[in-house]
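Report on the structure given below.
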Amino acid sequence: ALTCANVDLPHDFKLKRYRANRRQFAEAVLANAVLVVEGATEAAVLPVVADVQDQDPSVDYMHIDLAGVSIFDAQNDVSVPLYAPVFKKMGKIVFGLHDTPTTAFEPSLVTKTADFALYEVIPYGGVEDLLSAEVPTETQRRFLSSVQVRSDYPVSCGQPGATSTDDEIRAITKRVLKARKGSGSGYAALLVSECSDASQLPTTLATFLLRVDSELRPPAPQPVNETGEDVDAAD
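Using our numbering, read the sequence shown as starting at 2 and increasing by one per residue.
Have a look at this one:
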């Protein structure tokens, strides 16, 4: 049955921030869980990582869409922890993910991260660094070959050649992704979509989503004996 209640924000959460994100909140309140990320690029990339894992028969994984996970763009790394107590107070399972910040968080922010069911600070200064480091270069070559014919390709970032080394490919990919940062161009998501199976996905993001999946899976039913008792209980 559906129930209704007013959103009860923590005392230190500004109403202006809530109003500025009303559309995202509208989706989040209907979700089973919320994954708070630091920017539009991460919000665009993670569903594609989920797509690849979901389509790989070798991976036991439930897509975040099917699990009812809403991805919430906090717009910067320092804002990610602010939403943990907000969504927890709403009764949501809440996860948090952001890059390594340039400046360590204040203790008050660190305290808020305790409300995340899972919280990870990725070991890179930006998602572009992560993707160029963790996606196989063969996948990056396919990506660069595909996007360099686009009208919005940043030519100043360079173009790969047949003799380009792996290090050169990674450097070009990083420059291209940073030049086309955000969800508007979709370049980062296009790179991940070139992954042919889960083995080519960026390990940090793929592993985090598998952990989210594990957190949301219902417990496996316990085997019962002939009397209908749990086997473990009977022992």
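All residues carry an ideal CB built from backbone N, CA and C; glycine is no exception.
Predicted model, so just to flag it, every value in this text is computed and none were measured.
Less than 7 Å separating the beta-carbons of V70 and L36?
For the purposes of this step, residue 70 is taken as residue 69 along the sequence shown, with counting starting at 1. For the purposes of this step, residue 36 is taken as residue 35 along the sequence shown, with counting starting at 1. Less than 7 Å divides the Cβ of V70 from the Cβ of L36.
Which residues does DSSP list as the beta-bridge partners of E121?
The residue labelled residue 121 in the question sits at position 120 within the sequence shown. Paired residue(s): L98.
Expressed to the nearest angstrom, what Euclidean distance is found between the alpha-carbon atoms of P219 and N22?
Numbered from 1 along the sequence shown, position 218 holds the residue referred to as residue 219. Numbered from 1 along the sequence shown, position 21 holds the residue referred to as residue 22. One alpha carbon belongs to P219, the other to N22, and they sit about 31 Å apart.
If the criterion is Cβ atoms closer than 7 Å, does the pair D116 and K93 meet it?
Residue mapping note: residue 116 aligns to position 115 of the sequence shown, counting from 1. Residue mapping note: residue 93 aligns to position 92 of the sequence shown, counting from 1. The answer is no: Cβ separation not under 7 Å.
Would you mind reading off the limits of the alpha helix (DSSP H) that contains V70?
By one-based count along the sequence shown, residue 70 stands at place 69. Taken as a continuous stretch (DSSP letters only), V70 belongs to no alpha helix (DSSP H), being part of the beta strand (DSSP E) at 70-74.
If you draw a straight line from the C-alpha of G40 to the C-alpha of S80, how long is it?
Indexing the sequence shown from 1 puts residue 40 at position 39. Indexing the sequence shown from 1 puts residue 80 at position 79. Spanning the two alpha carbons is a distance of roughly 10 Å.
Would you mind listing the alpha helix (DSSP H) stretches within the region 26-61 that are 4+ residues and don't spill past its ends, in chain order?
DSSP assignment within the region 26-61 yields the following whole alpha helix (DSSP H) runs of 4 residues or more, N-terminal first: 41-56.
Please list, in chain order, all residues of the same chain as A207 whose beta carbon is under 7 Å from its beta carbon, the five residues on each side excluded.
Counting from 1 along the sequence shown, the entry for residue 207 is found at position 206. Spatial neighbours of A207 in its own chain (CB-CB distance under 7 Å, excluding positions within 5 residues in sequence) are listed in chain order as V50, Q54, A199.
Whole-angstrom Cβ separation of E121 and F209, contact assumed at under 8 Å?
Numbered from its first residue, the sequence shown carries residue 121 at position 120. Numbered from its first residue, the sequence shown carries residue 209 at position 208. Rounded, the Cβ-Cβ distance is 6 Å, consistent with contact.
Does V225 come out as helix, strand or coil in the three-state DSSP assignment?
Sequence index remark: in the sequence shown, residue 225 carries index 224 (1-based). Here V225 sits in strand by DSSP.
By Cβ distance below 6 Å, which residues in the same chain neighbour R176 in space, the five residues on each side in sequence not counted?
For the purposes of this step, residue 176 is taken as residue 175 along the sequence shown, with counting starting at 1. Only C158 meet the Cβ criterion.
Would DSSP call K93 helix, strand or coil?
Taking the first residue of the sequence shown as 1, we reach residue 93 at position 92. Note: K93 maps to coil in three-state DSSP.
Quick one, which of T140, G185, H64 has its alpha-carbon nearest D167's?
Position 166 of the sequence shown, counted from the first residue, corresponds to residue 167. In terms of CA proximity to D167, T140 leads the group T140, G185, H64.
Residues near G183 by beta carbon distance below 7 Å, same chain, minus five either side
For the purposes of this step, residue 183 is identified with residue 182 of the sequence shown, where counting begins at 1. For G183, where only same-chain residues beyond five positions count, the Cβ hits under 7 Å are A41, T42.
Since E139 is in the alpha helix (DSSP H), which residue starts that stretch and which ends it?
Counting from 1 along the sequence shown, the entry for residue 139 is found at position 138. Counting along the chain, the alpha helix (DSSP H) containing E139 begins and ends at 138-148.
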